[in-house]
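The opening position of the sequence shown corresponds to residue 1 in full-length UniProt numbering, with each subsequent residue numbered one higher. Yeah, the Cβ is synthetic: ideal placement off N, Cα and C, and Gly gets one too. Here is the structure we will look at, set down as structure tokens.
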Amino acid sequence: MLAELERIGGAGLIVCFRKEAFRREDGSYVENKHPEYIEYEDLDFLLENCPSLKAATALSQVNFTVSHKHVNQSLEIQGVTPFYEEVNNWYIQAGRFITQSDMERREPVCVIGSEVRKDLFEMEDPIGLELRVGTERFTVIGVMEEKGNSMASEGWDNRVIIPLTTMEIRFIGQQKGWIFLWAQAESYDKVEQAVAEVKIAMRQQHGDEKYFEFFTAKEIIKQVGNVSRIVQILLGGVASVALFVGGIGIMNIMLVSVTERTREIGLRKALGAKRRDILIQFLIEAIVLSICGGLIGIFIGSSLASVSGLASWPAVVSVQAALIAFSVSALIGIFFGLYPANKASGLTPTEALRHD
């Protein structure tokens, strides 16, 4: 989970946006009609008054048709500020990123994702070339490094990034409520302190922070941890039932084996085998049978994890979990093999040899 979060900024990520509605005491919602909106100026105020923040960026996004020559695609257009790279842990691969000068001049420049480069420019070097966003012309000044399609960063490589001020004047106009604030705390331990500072700053800027929502990557980690614990409990219950049923199966197989090999047991005892020898023999057979089942389960589980690793959410095979599974398999063999082994060792030579 932490590895996935690192792809989009890390565990110190903080997001601030305007609330769409307020929740009443009866559970119903009422629309947020207060005239307070996040403004571009809030970003500078946060950076000046929140010492626990390492970096912050304002951003907004819209969808437009992007074209170059004969190729047209509907893509996500993001308007951002210069610290976007640091906040999102996503950096330039070629060319340069948007600067403060681009912001002040509202330059018609853009930075594109790696997939946009492949789809629109193919073998061309896109730096310095033009593309159209809707009806507006933009000059490509940079290409972002490839993010890949993981669960957290899916679609990032298909973005076109432009200065926030350029987006405002060319696409947004007088519309309100389109800016988000993304910030990065100095460390994971300072996330709560950073959020508290951001809330104070927004209160000073807008009179009250209640008009805004504050969301952190740390909350995602806690939620995922809670879900993970519930899943572990449920899977533990299912595994316990499966182990019990499997153990009963092993015991039944061993009882059948004892019945079929009764004369063999009698012959071995007649030749001098002791009760302990018969007990150990059948106990080892039960343990081997159980361990073989455990090894097959480990192999199947590892294979499924390898296949699921091709999807957006990576699966991890733990050596510790495999060793625990191996040990539990052996214990199941001992526990459920003890009764058949004890029954076999308790047979007398006369009784066993007389058996048909």
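Across the set L255, T57 and M103, the C-alpha of T57 shows the shortest separation from the C-alpha of E85. The continuous stretches of beta strand (DSSP E) do not include H206, which lies in the alpha helix (DSSP H) extending over residues V191 to H206. In this structure, DSSP gives K54 an extended state, which the three-state scheme calls strand.
Ranked by how close their Cα comes to the Cα of L267, the residues E168, E104, P349 and E36 have P349 in first place. Just so you know, the alpha carbons of R276 and A344 end up roughly 10 Å apart.
If you keep only unbroken beta strand (DSSP E) runs of at least 3 residues inside the stretch 33–117, you get 53–68, 71–80, 92–95 and 109–112. At a Cβ-Cβ threshold of 8 Å, V111 and G148 do not count as neighbours.
Comparing alpha carbon positions, the residue from I296, V160, F64 and A185 closest to T135 is F64. Short of 6 Å from the beta carbon of L255, and not among the five residues preceding or following it, lie these beta carbons of its own chain, in chain order: P340. By the 16-neighbour rule on beta-carbons within 10 angstroms, Q320 is exposed.
Assignment of T216 by DSSP, reduced to helix, strand and coil, places it in the strand class.
Spatial neighbours of I253 in its own chain (CB-CB distance under 8 Å, excluding positions within 5 residues in sequence) are listed in chain order as L289. Following the DSSP letters along the chain, one finds P340 inside the alpha helix (DSSP H) bounded by residues V319 to S345. In the structure shown, the three-state DSSP call for R261 is coil. By DSSP's assignment, R18 forms a beta bridge with F212. Note: Q184 is bridge-paired with L13 and A55 in the DSSP secondary-structure output. DSSP, read as helix, strand or coil, puts P349 in helix.
For L164, no beta strand (DSSP E) segment is defined; the enclosing uninterrupted segment is the alpha helix (DSSP H) at L164 to M167.
A direct Cα-Cα distance of roughly 56 Å separates G113 from G249. Under DSSP, E136 shares a beta bridge with V133.
The criterion of a C-beta distance shorter than 8 Å is not satisfied by F180 and V62. In this structure, M103 sits away from T139, with a CB-CB distance that is not shorter than 8 Å. Boundaries of the beta strand (DSSP E) around E31: Y29 to E31.
Y211 has its alpha-carbon roughly 7 Å from the corresponding atom of H34. By the C-beta criterion, the stretch 125–132 is judged not to be in contact with the stretch 37–54, since fewer than 3 inter-stretch pairs fall below 8 Å. The beta-carbon distance between I296 and L347, rounded to whole angstroms, is 32 Å. This is too long to meet the 8 Å contact definition. Straight-line measurement puts the Cα of P163 at about 12 Å from the Cα of F171. Taking C-beta separations shorter than 6 Å and ignoring five residues to either side along the sequence, the partners of L53 in its chain run A183 and A194, following chain order.
In the three-state scheme derived from DSSP, where H, G and I count as helix and E and B as strand, G128 is classed as coil.
Sequence-distant partners of V109 (beyond 5 residues in either direction) whose C-beta falls short of 8 Å from its own C-beta, in its chain, are I98, D102, F138, T139, V140, I141, I162, P163 and T166. K190 and K218 have their C-alpha atoms spaced approximately 11 Å apart. With a cutoff of 8 Å on beta-carbon distance, N49 and A201 are scored as near each other. Taking all protein chains shown into account, K222 has fewer than 16 neighbouring C-beta atoms within 10 Å of its C-beta and is therefore exposed. Note on F299: under 16 other CB atoms within 10 angstroms of its CB, so exposed under the neighbour-count rule. A distance below 8 Å separates the beta carbons of R132 and S67.
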